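Asks: Structure incoming, see below.
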Amino acid sequence: MYEDFPTLKTKINGRRLVYLDNAATTLKPKRVVEKLKEFYYTSYSNVHRAVHTLASRATVELEESRERFAEFLGVSPQEIIFTSGTTMAINLVAVSLLRSGLLKENDLVLTSLLEHHANFVPWLRLSRFHGYRLEYIKPSGRFGTLEMDDLMSHREKNPKVLAITGLSNVTGQRIPVEELRNIFPNAIIVLDGAQLLPHERVKPKEIGVDFLAFSLHKMLGPTGVGVLYGRKELLEQMEPFLYGGEMIDRVSLEDVTFNELPYKFEAGTPNIADIVASKEALAYLEEIGFEVVHERVERLTQLALEELSRVDGVELYGPLDERQHGIVSFNIKGVHPHDVAHILDQEFGVAIRSGHHCAQPLMNLLKEQSLLDFPNSTCRASFYLYNTEEDVRIFVEGVKKVKEWFSR
Ligand code: PMP
Numbered sequence: 001m002y003e004d005f006p007t008l009k010t011k012i013n014g015r016r017l018v019y020l021d022n023a024a025t026t027l028k029p030k031r032v033v034e035k036l037k038e039f040y041y042t043s044y045s046n047v048h049r050a051v052h053t054l055a056s057r058a059t060v061e062l063e064e065s066r067e068r069f070a071e072f073l074g075v076s077p078q079e080i081i082f083t084s085g086t087t088m089a090i091n092l093v094a095v096s097l098l099r100s101g102l103l104k105e106n107d108l109v110l111t112s113l114l115e116h117h118a119n120f121v122p123w124l125r126l127s128r129f130h131g132y133r134l135e136y137i138k139p140s141g142r143f144g145t146l147e148m149d150d151l152m153s154h155r156e157k158n159p160k161v162l163a164i165t166g167l168s169n170v171t172g173q174r175i176p177v178e179e180l181r182n183i184f185p186n187a188i189i190v191l192d193g194a195q196l197l198p199h200e201r202v203k204p205k206e207i208g209v210d211f212l213a214f215s216l217h218k219m220l221g222p223t224g225v226g227v228l229y230g231r232k233e234l235l236e237q238m239e240p241f242l243y244g245g246e247m248i249d250r251v252s253l254e255d256v257t258f259n260e261l262p263y264k265f266e267a268g269t270p271n272i273a274d275i276v277a278s279k280e281a282l283a284y285l286e287e288i289g290f291e292v293v294h295e296r297v298e299r300l301t302q303l304a305l306e307e308l309s310r311v312d313g314v315e316l317y318g319p320l321d322e323r324q325h326g327i328v329s330f331n332i333k334g335v336h337p338h339d340v341a342h343i344l345d346q347e348f349g350v351a352i353r354s355g356h357h358c359a360q361p362l363m364n365l366l367k368e369q370s371l372l373d374f375p376n377s378t379c380r381a382s383f384y385l386y387n388t389e390e391d392v393r394i395f396v397e398g399v400k401k402v403k404e405w406f407s408r
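Going by UniProt numbering, the residue at position 265 of the sequence shown is 265; the numbering climbs one at a time, nothing skipped.
Dropping the structure here:
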């Protein structure tokens, strides 16, 4: 596997790179980069319109990607919309629900304080202009853990929309996504799968979510590709988010009719080559097996938690049990997270993230509970299939050394 990821050969100040920033974005296997090159050199053209050979090759390749993702999720290709990422997918859902009247003034939108800004800011800002009510599920458990009771306590409110993450990008908590439909039988459920899908095959129809968004760059694919699954019955009723070419059927001076699904939601020239290469990322993961990826990441997560919990002066966030997957958020008491990340990089070749992780509502909650030394900031290490126990060992040794140096 090491050979498949040339970036892993990079040296940082003469040390082997230990890449633990996978929740931000993952490295790319050769297979994905080679597909991009091959496609650009042999089949690249604009899609759907022209009748020439290259255009039809490109169209076939792009539609093949759609079919692969549809099979992966167990849905129809008509329900797969390509976007630029999770952020655009969630904005699309929110705006289109509003424009079509499926979400109206005084309706309730429920989200949580665990959310990435991508699943928080759209709902917050749009409520200003459209007058729907917005409420937040507050994690009551240990260090920002969302408990079942927190979800249950909103049950009676009968929200119109529930917009929630499948796995927190700060604490790594996996949410019991299988339970959401039972708890909120009438809600339009929008699942932010940006962190969950790299680790698990999720079947939206089986668990009963209406929308599922994720980004390919977090699962070995190129940047600039998002997948949005939307339930057909809802997509059919929804007004498009973007207007332009490709998404229309007929245009007159008075009005337009829209193209069929999913093209109605794909205005303009899509990110053709990256969408095409995305199917190679999916194929790579499927060949290795999502179960294998899951098991490896779980082992590394638990190992890191175990090792770090033995280091005095290290504060860990999240549930710290089997609900935590792929992500370890922590602080060294008295040391700014940016200093920790900088030293780990420069002295140990370990790439982690520090900051608010685009989840300021959760950071504010941790701060309120006096769990953060520094406002709005933690260190975050995140694992993926190419990481090893040796990576965890180098990382933990690095953390111990940083702590030691700062306590002199
Ligand atoms: N949701 C979550 C939980 C995330 O971790 C991220 C990326 N950090 C996003 C949404 C946004 O994804 P993108 O930047 O690819 O649109």
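Note that beta-carbon positions come from the ideal geometry of N, C-alpha and C, so glycine has one too.
Just so it is clear, the structure is predicted and the values come from calculations on it, not from any experiment.
Checking the sheet assignment: what are the DSSP bridge partners for C379?
Replies: Walking along the sequence shown from the start, residue 379 turns up at place 379. When DSSP reads this structure, C379 sits in a beta bridge with F330, S354.
Asks: Going straight from the alpha carbon of G224 to that of K28, what length do you get?
Replies: Residue mapping note: residue 224 aligns to position 224 of the sequence shown, counting from 1. Residue mapping note: residue 28 aligns to position 28 of the sequence shown, counting from 1. Rounded to the nearest angstrom, the two C-alpha atoms are 14 angstroms apart.
Asks: Taking Cβ to Cβ, would you say F328 is nearer than 8 angstroms to A381?
Replies: Position 328 of the sequence shown, counting from 1, holds the residue named residue 328. Position 381 of the sequence shown, counting from 1, holds the residue named residue 381. The displayed chain sequence assigns Val, not Phe, to residue 328. Result yes, Cβ atoms of V328 and A381 sit closer than 8 angstroms.
Asks: Quick check: the Cα distance between P198 and F5, rounded to an integer number of angstroms?
Replies: Residue 198 sits at position 198 when you count from the first residue of the sequence shown. Residue 5 sits at position 5 when you count from the first residue of the sequence shown. Roughly 17 angstroms separates the two Cα atoms.
Asks: Strictly by DSSP, which residues pair up with A163?
Replies: Taking the first residue of the sequence shown as position 1, residue 163 is located at position 163. Answer is V190, bridged to A163.
Asks: Give the C-beta separation of A23 and Q195 to the nearest angstrom, bearing in mind that I take them to be a contact with Cβ-Cβ under 8 angstroms.
Replies: Numbered from 1 along the sequence shown, position 23 holds the residue referred to as residue 23. Numbered from 1 along the sequence shown, position 195 holds the residue referred to as residue 195. The pair is a contact, with the Cβ atoms about 6 angstroms apart (cut-off 8 angstroms).
Asks: Once you ignore the five residues that flank I183 on each side, which residues in its own chain have a CB closer than 7 angstroms to its CB?
Replies: On the sequence shown, position 183 is the one that residue 183 refers to. Only L151, M152, R155 meet the Cβ criterion.
Asks: Going by beta carbon distance, what residues of the same chain come within less than 6 angstroms of F211, once the five residues before and after it are set aside?
Replies: For this step, residue 211 is matched to residue 211 along the sequence shown. Only V93, V190, G230 meet the Cβ criterion.
Asks: Using 8 angstroms as the cut-off, can you tell me whether the stretch 103-113 makes contact with the stretch 279-289, which would need three or more C-beta pairs spanning the two stretches below that distance?
Replies: Verdict: no, contact absent.
Asks: Kindly indicate which residue of Y284, H342, I275, N387 has the alpha-carbon position closest to the one of K30.
Replies: For the purposes of this step, residue 30 is taken as residue 30 along the sequence shown, with counting starting at 1. Out of Y284, H342, I275, N387, Y284 has the C-alpha closest to the C-alpha of K30.
Asks: Please classify D255: does DSSP put it in a helix, a strand, or coil?
Replies: Numbered from its first residue, the sequence shown carries residue 255 at position 255. D255 falls in the coil class under three-state DSSP.
Asks: For D192, is the beta carbon positioned less than 7 angstroms from some heavy atom of the ligand FMN?
Replies: In terms of ligand content, the structure shown lacks the ligand FMN and carries the ligand PMP instead.
Asks: Span of the alpha helix (DSSP H) holding F395?
Replies: Taking the first residue of the sequence shown as position 1, residue 395 is located at position 395. Segment 389-406, the alpha helix (DSSP H) holding F395.
Asks: Measure the alpha-carbon distance for G117 versus E71 and round it to whole angstroms.
Replies: As a first step, residue 117 must be located in the sequence shown, where it is residue number 117. As a first step, residue 71 must be located in the sequence shown, where it is residue number 71. Here residue 117 turns out to be His, not Gly, going by the sequence shown. The straight-line gap from Cα to Cα measures roughly 29 angstroms.
Asks: Residue ranges of each beta strand (DSSP E) run of no fewer than 3 residues wholly in the stretch 58-86, ordered along the chain?
Replies: 80-83
Asks: Looking at the ligand PMP, does it come within less than 7 angstroms of N119, judged from the CB to the closest heavy atom?
Replies: The count along the sequence shown starts at 1 and reaches residue 119 at position 119. N119: yes, Cβ under 7 angstroms from the ligand PMP.
Asks: According to DSSP, what are the bridge partners of K11?
Replies: Here the question's residue 11 lines up with position 11 in the sequence shown. Answer is R16, bridged to K11.
Asks: Which residues in the same chain have their Cβ closer than 7 angstroms to the Cβ of Y243, if we skip the five residues on either side of it in sequence?
Replies: Taking the first residue of the sequence shown as 1, we reach residue 243 at position 243. Here the set comprises A267.
Asks: Which residues mark the beginning and the end of the alpha helix (DSSP H) in which residue 429 is found?
Replies: It is not possible to answer for residue 429, since the shown part of the chain is limited to 1 through 408.
Asks: Does the Cβ-Cβ distance between A55 and S45 come in under 8 angstroms?
Replies: The count along the sequence shown starts at 1 and reaches residue 55 at position 55. The count along the sequence shown starts at 1 and reaches residue 45 at position 45. Yes, these two residues count as a Cβ contact at 8 angstroms.
Asks: Rank S407, E347, T388, H338 by C-alpha distance to the C-alpha of S377 and give the top, closest one.
Replies: As a working note, residue 377 is residue 377 in the sequence shown. Of S407, E347, T388, H338, the residue nearest in Cα terms is H338.
Asks: Please classify Q346 as buried or exposed, where buried requires at least 16 other C-beta atoms within 10 Å of its C-beta.
Replies: Position 346 of the sequence shown, counted from the start, is the residue given in the question as residue 346. With fewer than 16 other Cβ atoms within 10 Å, it is exposed.
Asks: Give me, in chain order, the residues of the same chain whose beta-carbon lies closer than 7 angstroms to that of M88; leave out the 5 immediate sequence neighbours on both sides.
Replies: Locating residue 88 in the sequence shown gives position 88, where the first residue counts as 1. Contacts found: G226.
Asks: Smallest Cα separation from Q237: which of E389, V292, K264, N13?
Replies: Indexing the sequence shown from 1 puts residue 237 at position 237. For Q237, the nearest C-alpha among the options comes from K264.
Asks: Looking at S215 and the ligand PMP, is the gap between the Cβ and the nearest heavy atom below 7 angstroms?
Replies: Here residue 215 refers to the residue found at position 215 of the sequence shown. Answer for S215: yes, Cβ within range of the ligand PMP.
Asks: May I ask which residues mark the beginning and end of the beta strand (DSSP E) holding Y136?
Replies: The count along the sequence shown starts at 1 and reaches residue 136 at position 136. Looking at the DSSP string, the run of the beta strand (DSSP E) that includes Y136 is 133-137.
Asks: So, for P122: in the same chain, excluding its five sequence neighbours on each side, which residues have a beta-carbon less than 7 angstroms away from its beta-carbon?
Replies: The residue labelled residue 122 in the question sits at position 122 within the sequence shown. Closer than 7 angstroms at Cβ, skipping near neighbours: I90, N91, A94.
Asks: Just to check, is the beta-carbon of A381 closer than 7 angstroms to a non-hydrogen atom of the ligand PMP?
Replies: Sequence index remark: in the sequence shown, residue 381 carries index 381 (1-based). It does not: the Cβ of A381 is nowhere closer than 7 angstroms to a heavy atom of the ligand PMP.
Asks: Specify, as a first and last residue, the run of the beta strand (DSSP E) that V109 falls within.
Replies: Numbered from its first residue, the sequence shown carries residue 109 at position 109. Segment 108-112, the beta strand (DSSP E) holding V109.
Asks: Thinking C-alpha only, which one of L73, V51, I81 is nearest E63?
Replies: Sequence index remark: in the sequence shown, residue 63 carries index 63 (1-based). Distances from the alpha-carbon of E63 to those of L73, V51, I81 put I81 closest.
Asks: Is the CB-CB distance between F395 and V47 below 8 angstroms?
Replies: Counting from 1 along the sequence shown, the entry for residue 395 is found at position 395. Counting from 1 along the sequence shown, the entry for residue 47 is found at position 47. No.
Asks: Checking 8 angstroms against the spacing of the C-beta atoms, do T301 and F406 come in under that value?
Replies: For this step, residue 301 is matched to residue 301 along the sequence shown. For this step, residue 406 is matched to residue 406 along the sequence shown. Cβ atoms of T301 and F406: not closer than 8 angstroms.
Asks: For V399 versus V314, is the C-beta distance shorter than 8 angstroms?
Replies: Start at 1 with the first residue of the sequence shown, and residue 399 comes out as number 399. Start at 1 with the first residue of the sequence shown, and residue 314 comes out as number 314. Against a cut-off of 8 angstroms, the Cβ pair of V314 and V399 comes out as a contact.
Asks: For A50, count neighbouring Cβ atoms within 10 angstroms of its own Cβ and tell me buried if that reaches 16, exposed if not.
Replies: The sequence position of residue 50 within the sequence shown is 50, counting from 1. Burial call: exposed.
Asks: Do R408 and D21 count as a contact pair if the criterion is CB distance below 8 angstroms?
Replies: Position 21 of the sequence shown holds residue 21. Position 408 of the sequence shown holds residue 408. Contact: no.
Asks: Q195 by DSSP, collapsed to three states: which one?
Replies: In the sequence shown, the residue the question calls residue 195 occupies position 195. Of the three classes helix, strand and coil, the one that applies to Q195 here is coil, per DSSP.
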